[in-house]
Amino acid sequence: MSFCLSSSSNWRPRHSVIHGLIAAGRANHYMTSLKAGSIVKVYRFEVARCPSMYKITDHQFLICLISLTIIDEVITDAPKINLQS
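Convert by adding 1 to the 1-based position in the sequence shown; the result is the number in our numbering.
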């Protein structure tokens with residue numbers, strides 16, 4: 002299962018997107034944590050170079066969720082994410 006993570010933090014000069022990957026055997030474990038448009042914090046993951054044949058973003062790395070990965074939804078008064086852009 003693939004997904005994209007979007008970052009708009011202050012330490013980066015521009016908005017960036019990174020590809021995420023979940024092994025097929027782990028997908029059901031994370032399905033409830035990953036909702037379209039949600040804001041999450043991701044802990045304990047692996048970072049790998051993205052092979053050009055699987056590249057879906059301009060970022061050189063991808064994030065791989067592993068058995069130790071924790072995903073926590075951030076519940077704040079954050080602005081809504083525009084899913085159309």
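Note that beta-carbon positions come from the ideal geometry of N, C-alpha and C, so glycine has one too.
Only a predicted model underlies this, so the values are computations on that prediction, with no experimental measurement involved.
Determine the extent of the alpha helix (DSSP H) in which A28 is found, giving its start and end residues.
Here residue 28 refers to the residue found at position 27 of the sequence shown. From DSSP, the alpha helix (DSSP H) with A28 extends over 28-31.
Between which two residues does the beta strand (DSSP E) carrying C65 extend?
The residue given as residue 65 occupies position 64 in the sequence shown. Note, C65: beta strand (DSSP E), 62-74.
Outcome for L66 when other beta-carbon atoms lying within 10 angstroms are tallied against a minimum of 16:
To locate residue 66, count along the sequence shown from 1; it is residue 65. It is buried - the Cβ of L66 has at least 16 other Cβ atoms within 10 Å.
Alpha-carbon to alpha-carbon, T33 and S17:
Position 16 of the sequence shown, counted from the start, is the residue given in the question as residue 17. Position 32 of the sequence shown, counted from the start, is the residue given in the question as residue 33. Cα to Cα, the separation comes out at about 24 Å.
Look at the alpha carbon of L69 and the alpha carbon of A28, and state the distance between them as a whole number of angstroms.
Along the sequence shown, read from residue 1 onward, the residue named residue 69 stands at position 68. Along the sequence shown, read from residue 1 onward, the residue named residue 28 stands at position 27. Roughly 13 Å separates the two Cα atoms.
Quick one: grab the DSSP three-state call for A24.
Start at 1 with the first residue of the sequence shown, and residue 24 comes out as number 23. In this structure, A24 counts as coil in the three-state DSSP scheme.
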